[in-house]
Structures are given as structure tokens and as C-alpha cells.
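For the sequence shown, the working numbering begins at 2 and goes up steadily by one.
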Amino acid sequence: MEITELDEILGKGEDGRHQFKSNITNAESLAGEMVAFANSKGGIIIIGVDDTGKVIGLTSKDIQRLNQLIANTATNNVKNPINPVTENIKIKDKVIIVVHISEGTDKPYMDNNGIIWVKCGSDKRRVTSKEEIRRMFQDSDLVHADELPVHGTTENDIDFKYFRSFYEREYEQKFEDTGIPLIQLLRNMNLAKGYELNLACLLLFGRIPQKYKPSLIIKAVNFAGNDPAGIQYRDNIDITGNIKSQFESSLAFMKKNLRYTQQGRNFNSLGELEIPKLVLEELIVNAIIHRNYFISSPIKLFIFDNRVEIISPGSLPNNLTIENIKNGISVIRNDILTSFSTKEIPYRGIGTGIRRALKYYADIEFKNDIEGELFTVTICRH
Numbered sequence: 002m003e004i005t006e007l008d009e010i011l012g013k014g015e016d017g018r019h020q021f022k023s024n025i026t027n028a029e030s031l032a033g034e035m036v037a038f039a040n041s042k043g044g045i046i047i048i049g050v051d052d053t054g055k056v057i058g059l060t061s062k063d064i065q066r067l068n069q070l071i072a073n074t075a076t077n078n079v080k081n082p083i084n085p086v087t088e089n090i091k092i093k094d095k096v097i098i099v100v101h102i103s104e105g106t107d108k109p110y111m112d113n114n115g116i117i118w119v120k121c122g123s124d125k126r127r128v129t130s131k132e133e134i135r136r137m138f139q140d141s142d143l144v145h146a147d148e149l150p151v152h153g154t155t156e157n158d159i160d161f162k163y164f165r166s167f168y169e170r171e172y173e174q175k176f177e178d179t180g181i182p183l184i185q186l187l188r189n190m191n192l193a194k195g196y197e198l199n200l201a202c203l204l205l206f207g208r209i210p211q212k213y214k215p216s217l218i219i220k221a222v223n224f225a226g227n228d229p230a231g232i233q234y235r236d237n238i239d240i241t242g243n244i245k246s247q248f249e250s251s252l253a254f255m256k257k258n259l260r261y262t263q264q265g266r267n268f269n270s271l272g273e274l275e276i277p278k279l280v281l282e283e284l285i286v287n288a289i290i291h292r293n294y295f296i297s298s299p300i301k302l303f304i305f306d307n308r309v310e311i312i313s314p315g316s317l318p319n320n321l322t323i324e325n326i327k328n329g330i331s332v333i334r335n336d337i338l339t340s341f342s343t344k345e346i347p348y349r350g351i352g353t354g355i356r357r358a359l360k361y362y363a364d365i366e367f368k369n370d371i372e373g374e375l376f377t378v379t380i381c382r383h
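Structure below.
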């Protein structure tokens, strides 16, 4: 690390990626900090600096002891072990230690007491909810929300007429000719476990998915003005049903509430939608397919006078960045859902959706809120 970079970090103070310690003697405390960074987005512990960023420095004996303590703690007090990188840096005639901890690939990590820590601002907090722990397993590609069985569901929750039509169209075989009971066929298609439907099946073919998962809705609001806290709105609807129904209803809501412009056409012509339909399709599909289904929160589709916002639960997965998705790089979060959705809604599954949307409408902004676990697409209205 360059001295100028270190000075800048010290000048800004502690935050979610940087922790200051005047000294460390307790392996258990150090393990908690390491676990929190490994379970979050990684970070740096700077030892030999007080809470205000003032350089105190370390003795040669401290440096030797701390390097040994860091190595032992990372191996013996963190489960699973991690590999921090340390630097001894001389600044203002004093020596400090900078410990680099990368985001872990085997989450969730925990200390010797079995406590899972994550960063919360400049501090850390315990993780206690099953939902959050499942999201960590998802980050490690060990568990996917769409493959988990939904407690209480049975084959009777399937929209059988719709499922049969899908099956016969895709597999070119009459359902009755299979000679296989419905629940067994669903298991064969990776849509059920035991006698319960998994989440992908409920979302794709369920009669009323929201009966078991009330948060699986899209809240669509056309506000009067530009303030999301405003109480006046022109239109408001909770969109329910399966994925195909939600996609079609979301698109219909947009087409109903956005403007149509003549764009040089005859005055009596219908005109063109102010935001191209293809753009809306790509972004709505993206929100439905790639949202984090471990988070019990609805997708939000907000229309303001100056913009449209599509807000999905869950930040970008697996270190994916906004620049990545603009360049066509994608990571599939919901494997089963994705594989079937390409047949039901206009989703290609090859990472080109965002690029295509930007090609036809450049005024689109993206915000990846890692701490808030939200991904927001903002489409400016002209």
C-alpha cells in the first residue's frame, strides 16, 4: 500500500472497509473482526493507529508478536480458515501493520464460539436470522433459494391446465402418455422435493404463489410528483400471480401510465411509448429473474414525473459490478427458475439484457446497494 493511499484512509476515518486498532492482544476479538470482513466485502485492519486515525506506531516486539497472532488467529480461530495478507509500513517515522482481508468464498465464516459476524458500518454485528445465513450460503453457491421446498405446498397448488400446456409444448408429449404421477414428474424436472413444490415451481406454475410467500409480489405505483415519500399517486396496484402473469401485468401497468409521443407521426396515430417497450421488458424480466428470493421483500416498480425506478431485493451476486453487467457479464442466481423462464417470458439468459436496454435507451442508471441489499434501475423520463 502506498503512503499517500494510507494517509487518505486515515484521514477519512473508520468505515465498513477500514478498521483502526491501536494494538491487539486478544485472538478472540481479532477473529471477530476477521470473520466480519470475510463475511462482508473484505477490508483492512490497520494496527498502530487510534480511533481518530492518529498514528501511534508499534515496537519491534509488537510487530513480531502481532504477525504471529494474525497468522495463528486466521488459522485456528476462524472457521473456515482464511488467508490475510499483512504489510509492515513505516509512516511518520513509526511502523504500523496493515492487514488485508479478502471477501470470503466459503461463507458463512464464524469464530470459535460459532458466532457469525458481518460488518455494519464501521462496527460489526452478529447474524442470527436464518434468512441472512441462507443468503451467505447462496453467496458461496451452496444453496439456491429457488430449489428449496416451500413448506405446506402440494401438487394441488399447481395450475395444472397451465403446467400441462407448458409440458406438452416443450416436451412434445401428451401429459397422460407419460404414465408418471404429477408429483413424480415434478421431481424429475427438479421442481419438487418429496411431496412439496420448490420455490421455482411455485413461482412458475403455482395457482396462487402469494398464498405461501406473500412477499412475492410487485408493488407498482404511479406517484404524483418526484417524491417516493409522497402520499399522492395516480395509480397503484399489487401485482400477484405466477412469473409470466407478473411480467405481463407489470408491462401493462407501465404502458398504461407512461406517455405516448407522436415523434413526427400523424396526429391521429397512436404514437410511441416514451420508453421503448423492449427496454421495459428487459428491465422487468431482469428484476424478476435475478432478485434475491431469500429476502422477504417485494419488487417495487415506481413511476415518478421525472423517472421510473425498478427496485429489486438483493444486491448484485458474487462480486458482480455495474460495469460487469453493462459489458454483458452475468451470474445466474436462480438456476432452476432461469432455465424454465427462458421458455415463458422474453428472457434469453445470455447476459445481454442490460446491454440491449442501454442500446435502445441510454438514460438508464444503476445503483448496487450492498449494505441495503437492493439493486435499483432508474430510467430517466425526457
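C-beta: ideal position from N, C-alpha, C; glycine also.
Residue burial classification, residue i (beta-carbon count within 10 angstroms, cutoff 16)
i: serine 166; result: exposed
i: valine 86; result: exposed
i: proline 299; result: buried
i: proline 2; result: Looking at the sequence shown, residue 2 is not proline but methionine. Its Cβ having fewer than 16 others within 10 Å, methionine 2 is exposed.
i: histidine 145; result: buried
i: lysine 221; result: Sequence check: residue 221 is alanine here, not lysine. So alanine 221 ends up on the buried side.
i: glutamate 282; result: buried
i: histidine 291; result: buried
i: alanine 193; result: buried
i: isoleucine 371; result: exposed
i: glutamate 34; result: buried
i: isoleucine 4; result: exposed
i: alanine 32; result: buried
i: proline 215; result: exposed
Alpha helix (DSSP H) segment containing residue i, residue limits
i: serine 61; result: 61 to 77
i: isoleucine 98; result: Unbroken run through isoleucine 98 is the beta strand (DSSP E), 95 to 102; no alpha helix (DSSP H).
i: isoleucine 57; result: Careful: isoleucine 57 lies outside any alpha helix (DSSP H) and carries neither H nor E.
i: aspartate 140; result: 131 to 140
Run of the beta strand (DSSP E) containing residue i, from where it starts to where it stops
i: glutamine 20; result: 19 to 22
i: asparagine 89; result: 86 to 92
i: valine 36; result: Careful: valine 36 lies outside any beta strand (DSSP E), inside the alpha helix (DSSP H) at 28 to 40.
i: lysine 125; result: 124 to 127
Residue i Cβ short of 7 Å to the ligand ADP heavy atom set
i: alanine 72; result: The ligand ADP is not part of the structure shown, which contains no ligands of any sort.
Reference residue i; option with closest CA among the options
i: methionine 137; options: Gly54, Ile46, Ile296 and Gln65; result: Ile296
i: glutamine 241; options: Phe376, Leu259, Glu283 and Gly207; result: Per the sequence shown, residue 241 should be read as threonine rather than glutamine. Here the closest residue by C-alpha is Gly207.
i: lysine 125; options: Gly12, Ile346, Arg18 and Lys13; result: Arg18
i: isoleucine 244; options: Thr155, Ala288 and Gly272; result: Ala288
i: tyrosine 213; options: Asp158, Phe164, Ile238 and Asp336; result: Asp158
i: glycine 43; options: Ser103, Asp364 and Leu279; result: Ser103
i: isoleucine 95; options: Ile48, Ile337 and Ile323; result: With the sequence shown as reference, residue 95 is identified as lysine, and isoleucine is not the correct amino acid for it. Here the closest residue by C-alpha is Ile48.
i: lysine 64; options: Lys91, Ala75 and Leu375; result: Looking at the sequence provided, one finds isoleucine at residue 64 rather than lysine. Checking every option, the nearest Cα to that of isoleucine 64 belongs to Lys91.
i: glutamine 20; options: Ile98, Tyr196 and Gly272; result: Ile98
Residues bridged to residue i [DSSP beta-bridge criterion]
i: phenylalanine 367; result: Val378
i: tyrosine 261; result: Leu274
i: isoleucine 48; result: Lys22 and Ile98
i: valine 119; result: Arg126
i: threonine 344; result: First, the residue type needs correcting, since residue 344 is lysine and not threonine in the sequence shown. BP columns for lysine 344 are empty, so no partner.
i: aspartate 16; result: His19
i: lysine 80; result: Met111
i: isoleucine 10; result: BP columns for isoleucine 10 are empty, so no partner.
Which ranges would you report for the alpha helix (DSSP H) in the region 186 to 251 if only whole runs of at least 4 residues count? Assignment of alpha helix (DSSP H) within the region 186 to 251, counting only whole runs of 4 or more residues, yields 200 to 206 in chain order.
In chain order, which beta strand (DSSP E) runs of at least 3 residues are fully inside the region 277 to 330? Listed in chain order, the beta strand (DSSP E) runs fully inside the region 277 to 330 are 300 to 304 and 308 to 314, counting runs of at least 3 residues.
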